[in-house]
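Residue numbers (this note's numbering), protein chains in the order written: chain A, 24 to 439; chain B, 10 to 206; chain C, 340 to 434; chain D, 908 to 1907.
Right, one structure below, let's go through it.
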């Protein structure tokens, strides 16, 4: 495989870029693997990469029904942060953030992780209490976090509206400076390339249509490209988790909802950080290409259509103009939707299941992108060892029976 | 005596200095807070209830969804088991007529609502700026009412005549928002607010 | 933008409604007789169907009635809406 | 000097000269021009620099497809970025700037990127800037500054935007020949029709043609159709109105630009309108986009689409060049050659990649002196800043190769046409699929997925007569389906012509590989070239979505209107697959970009969300009380006197309530009237306590749980009659609780006879609080308020000065207190009466902060502050409220393993050990900071205040096993203060026995 660097770019330019090799092998499925990852999004590809790299499992495949990175990986607003309230969540997301920090070098693919800081705005006294609670907890967990006031926000983000007479005045924010954004496509492609290099088969256009079991043990998966034998199946299919679970005869506590986002036309730099407001439902950053990348609130109904309702976009637009009145004349270029699977406690499920050899990684809701490396890392551990790592042990499926939920809703967990 | 001490949701809403000249396209909005509102609950499967209600109010209870009846009072359909009486009459003597033997429940809502009466050529255009209901002449008929949204507030909307005259009944705490909304959105047509005492 | 036919008020814009999720999840008559798994199943586990799905909506801005909607969750096509326990009632919406 | 302006023709008013500036230079044009036509009239060739390579670029198109002439318009607060010159109607004083090019358009230093372009192939940024890792920030800084097009304004937008909902039978998108006919035939039947077109004038492609229809010139014919539509009251005509989104249930969005074309307009006039359309049927007649041809250096300024040339000549009286070469693979482009010649061009030379076949167009071109060469292609365009010459090769269409250079021909205009692509965007947005048509060589709409039809060139129908026919048929069919009587419409006469078929030419294939040739642009906006597509394929990005993302093909602000089809065909070539197998990509709204402002509409600023105020609000603002936002409500936070700060004001208010008399506006509480035969059994399910055991007139504090066992809401409730109850909810939870109660009632227990009605607005609630409250209230009411007759937790009806009231002897402060419910119309008056009556006792109005302090001193929780969705009633110390006998919502969850855990977090009180420090709310509680790894946290501070009556700070907290840890010490850690040592106590600090509220 070509190593990517400024030097290789130069060398290949001299030969008219004719000697670049394929980033990953487009494999056909073999009859049997040691493990199969269902779902070729960021999480699935990361899982495969860490299975190969950390656990030496190389006879494995990622099967993807469409094209890799084409689901939520391609559809999110790319925010990466780890300042969650509960220790269980923040440790998992922090593991992920740490992996992000060296990911480009690790997989030799520039994922453009840009640590430009994320502001979570507070608009009410209760918001500010929740922010203080979360920031204190973050700091005690060794995660960088600070509380900033309206004036500090205004200094860092001159165009933001900090008027005290705003309908939702900005009282302050939590700030995580190590947080930021990354290039979404690069994450999928980079992991695919790195995994492929370690021998992982990446099989596209291969939809799983059934899970075969022998008693309580998984024996293989049926796909549109034939039956594949395996003793371990890791399912990482975001919005479609319930559909695959149904094939295996298990039930999940999930609802799949549309989540919409949009971008503006590319602009010269106008916003150097990430601003999120849960109260008004608007999340905005500016991509390196110059587009304002904006996430809206979740649509209320279950939907697998990768599209939501227009009023959600309108409301989000109103929120963005409330925060940035100067963006009113900026123009929306494109809007789209993804499918997010939401769990009752707004926390993921990274877990074994009642079916032996069947593992699920789902329920990330609106927050999956940021977790990509950590999720893959922990899920690989779970599959390889047939037991969860301590980082993801709290995120098991049985918490819904015991009641040991990790409620990130109530504590002002913000979306994305 | 009591009337003088009452304060309504949109008291002080009209700034006399602002009152503008209205173009023929414009509209007139009359704030009518000083009326009484009474909410009725009961089952339409209970003929005793219907009979009794009609006797108490001396008026038909509109059983057709999204309609209202006009008599001494306006009685609006709100839900399959709920109606709103809007009246100039004192509620006390009416309520006293209700028999405890009948499953007819009322709550006084007089302090809870404000009524706005909109008249003029642009009423439909103005309302359609923030109301997703089809209120065109052929679709929303005289005698029809609907609970719907205007901007971000819920309202009860009714068409009373073909001039056209629309009644908006809005909850007290949303009245100022609705007033401001009508003022702002009506700017392009010209709006004149009046109080009727 | 869905257009939902309230069984009482007729077709109204989606913004007049609020969503109630999966319908026909019967609350157990004797919750205390259920073990934790059974209770969790009632409480949290959902069909989350991809395809035809029976769900609850509330005409929250309108007549405040909860009703059933059969909807395709892929195309968002609404097949039918109906009142809860409403077989007897069938009067049509004027309009 | 408008050197390229024709003396006659065009829909412009030569008597109305308009001045404008472009990059600081002054120019003039005429009323009716677009900025693009005016620039061409003025002989401007270079209008921009390309995105990546900064190559000089000229105007290519004449509409939404234009990729190069993209400008910053205006300045200051009203500047707008990314505007296409082809869509900007010229107005006097217009200021335009190109978005790239430094120091100037004609000399752009970043052209260096073009020289080293092989370093900057598709996806180069994924392969570098990685080492050293820390440097990404610096690389990114420069990359960001290189990227981006225009500037966002720095000031708030002073203009207004508005929404308009409209329902119609038929929405027609596009007022070209097909759309107009559909509108006329549907409109005449009486159906409610809306027809929208993004241009200032209706007519579409006919505006740029000299067709004769029904014996009329196209201009006259359009005018007569428009007149007919305008006379129909059931038809709404919207010009300057782009249908940019097609959503589910035939919901479409139209952006109408009301003032963009005006140099002056009155303040307050609406700048743009968003029409939100619900249509029973939709007619898509948006037309088609002409495709460029792909050959080396096909981006030189002076290269233009054939249809654009006709447009500029006929609509604007502008001739883009005098010596033209036209490169085509189809007949339609011949019209441009004819138009040019008729407009006075010196020479027009057609290079046609096809072999000659009989065609009326060929004959017509020949007749007006156009030279032709068949079986030939252009294999290079020469001229750096504007086209100077072309290299022509002979070409064999059968084996798709071109021979050696045969000819070099000078020109000042190169026109190209690679055929047409129907504008299937809205069809695709609506959920419809597109299919590749092997005969017409384009994607055409497949079966519609909503009630819509595509007609005219949008449907791949090229002949005018067929378009008109489709329009009539479509209109008639739709109205018939909708139950109208279709009107009889005669098919207008138009010229029938014989044409020779188009033959695809996706890329001029040379012997050399694409990498060796000069750049052949596929997507002008993103500088995507043929070699980028080949590189993507080589690197394994072979799916169309991967290719698009890797090469940025179609990701420009034109969303691939020009380049997508060529790109897909070239990908097909690279993969040796037919284009039909490449798949299609999904188009997303917006069809063309729309301002955030118009999508947001009126609901911004103060109207972003309703602000709800109580009936006493004016009293609070008269006293200059700062306000706290709680849900949609605004409530007084505290009532400062003179220059008092918050702490002093709150201390004074607290002391007044504790020692004499306070008064509070509690009207925002949710209030629900519950009646019906089954009210008791219903409420038994809802509340944890024994509702059935309550006597009439009794009040109770109640909590509602979610089925997960966690506290959902709380409040006082009262039994007013056998089957009649009054409930209160929290301010923020009111609407939610009501809907949740209705959900249980209607969906789970519809057989119960229960009616719930909100009283939140009708009733205002005034709390009269303090040891003197009874004495003062007694002066106003006849009801005996003595403890024997009206003890704690009772309710009764009464009257003050003739005003009916409901009295509740309840307390959220721990003091003797009364809550008075009154018709909101009388509330302010009653409040003033109480203020007067309490004057001698120093009656003190207080706000939410004092309310919080008073309740915290008593350990009363605030749902949402002291609970967070993970707190059950036992955790909150409310076990005494939880009935052992009956079932209620959430009860079973209290018996789950986790609910039974001994170390759950429980509500406790905290005192700072130094008795001075107020612990920050939100602070975490620890034993000691770990030196490595996370520090274990045992809980957090949920409420914390300085207690004036006690003279020291108090706090409430949730602490693991808290109730077993009274007396233990912990450290409270917050983000910006030092650790505060705290000790755990019972969550009650004042009047531990509760004697004050029960006082006899």
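The beta carbon of each residue, even a glycine, is placed where N, CA and C say it ideally should be.
Among the options, the one whose alpha carbon lies nearest that of residue i
| i | options | result |
| --- | --- | --- |
| residue 287 (chain A) | A:309, A:105, A:270 and A:298 | A:309 |
| residue 1374 (chain D) | D:1879, D:1771, D:1089 and D:1546 | D:1089 |
| residue 862 (chain D) | D:1456, D:1369, D:1305 and D:1360 | Since the first and last residues shown for chain D are 908 and 1907, residue 862 (chain D) lies out of range. |
| residue 905 (chain D) | D:1624, D:1613, D:1630 and D:1148 | The requested residue 905 (chain D) is not part of the displayed model; chain D covers only 908 to 1907. |
| residue 1150 (chain D) | D:1131, D:1119 and D:1501 | D:1501 |
| residue 1889 (chain D) | D:1883, D:1877 and D:1897 | D:1877 |
| residue 424 (chain C) | D:967, D:959, D:1165 and D:1654 | D:1654 |
| residue 1278 (chain D) | D:1172, D:939, D:1681 and D:1259 | D:1259 |
| residue 1506 (chain D) | A:423, A:356, A:256 and A:130 | A:356 |
Enclosing beta strand (DSSP E) for residue i [first to last residue]
| i | result |
| --- | --- |
| residue 141 (chain A) | 141-145 |
| residue 914 (chain D) | That residue, residue 914 (chain D), is in no beta strand (DSSP E); it is neither H nor E in DSSP. |
| residue 7 (chain B) | Examination of residue 7 (chain B) is not possible in this model, given that chain B is present from 10 through 206 alone. |
| residue 291 (chain A) | From DSSP, residue 291 (chain A) is part of no beta strand (DSSP E); its letter is neither H nor E. |
| residue 929 (chain D) | 920-929 |
C-beta neighbour in chain B for residue i, strict 8 Å
| i | result |
| --- | --- |
| residue 401 (chain C) | yes |
| residue 404 (chain C) | yes |
| residue 429 (chain C) | In this predicted model, residue 429 (chain C) has a pLDDT of only 39, less than 50, meaning its place in the structure is not dependable enough to derive any value. |
| residue 426 (chain C) | Since pLDDT at residue 426 (chain C) reaches only 44, below the 50 mark, its modelled position is unreliable, and no value is offered. |
| residue 355 (chain C) | yes |
Test: residue i CB closer than 8 Å to a CB of chain D
| i | result |
| --- | --- |
| residue 340 (chain C) | yes |
| residue 438 (chain A) | Here residue 438 (chain A) scores only 38 on pLDDT, less than 50, and its place in the model is too uncertain to base an answer on. |
| residue 433 (chain C) | Summary for residue 433 (chain C): the model assigns pLDDT 36, below 50, so the residue's position carries little reliability, and this model does not support an answer. |
| residue 146 (chain B) | no |
| residue 434 (chain A) | Confidence at residue 434 (chain A) is low in this model, with a pLDDT of 46, below 50, so its placement is unreliable and the value that follows should be read with caution. At least one chain D Cβ lies under 8 Å of residue 434 (chain A). |
First through last residue of the alpha helix (DSSP H) which encompasses residue i
| i | result |
| --- | --- |
| residue 66 (chain A) | 65-78 |
| residue 350 (chain C) | Looking at the DSSP string, residue 350 (chain C) is not in any alpha helix (DSSP H); the run it does join, the beta strand (DSSP E), is 349-352. |
| residue 945 (chain D) | 942-948 |
| residue 1387 (chain D) | 1371-1388 |
| residue 281 (chain A) | It is not in any alpha helix (DSSP H) - residue 281 (chain A) instead sits in the beta strand (DSSP E) that spans 278-287. |
Proximity test, residue i beta-carbon vs the ligand COA heavy atom, cut-off 7 Å
| i | result |
| --- | --- |
| residue 430 (chain A) | In terms of ligand content, the structure shown is empty, and the ligand COA therefore cannot be addressed. |
is_contact[residue i, chain C] using C-beta, thresh 8 Å
| i | result |
| --- | --- |
| residue 184 (chain B) | no |
| message | Which complete beta strand (DSSP E) runs does the stretch 1499-1538 of chain D hold, if anything under 3 residues is left out? | response | 1534-1537
| Selection of the stretch 153-182 of chain B by Cβ proximity to chain C, strictly under 8 Å | 153, 155, 156, 157, 158 and 163
| What residues in the stretch 226-244 of chain A have a beta carbon less than 7 Å from any beta carbon of chain C? | none
| query | In the stretch 1148-1181 of chain D, which residues sit with their C-beta less than 9 Å from some C-beta in chain C, listed in chain order? | reply | 1154, 1155, 1156, 1157 and 1158
| said: In chain order, what are the residue ranges of uninterrupted beta strand (DSSP E) at least 3 long that sit wholly in the stretch 130-204 of chain B? | reply: 154-159, 162-170, 174-180 and 200-204
| said: What ranges does the alpha helix (DSSP H) occupy inside the stretch 971-1058 of chain D, keeping only unbroken runs of at least 4 residues that lie completely in it? | reply: 1019-1022 and 1043-1053
| Which runs of the beta strand (DSSP E) fall wholly inside the stretch 1682-1742 of chain D and span at least 3 residues, in chain order? | 1702-1707, 1710-1715 and 1724-1730
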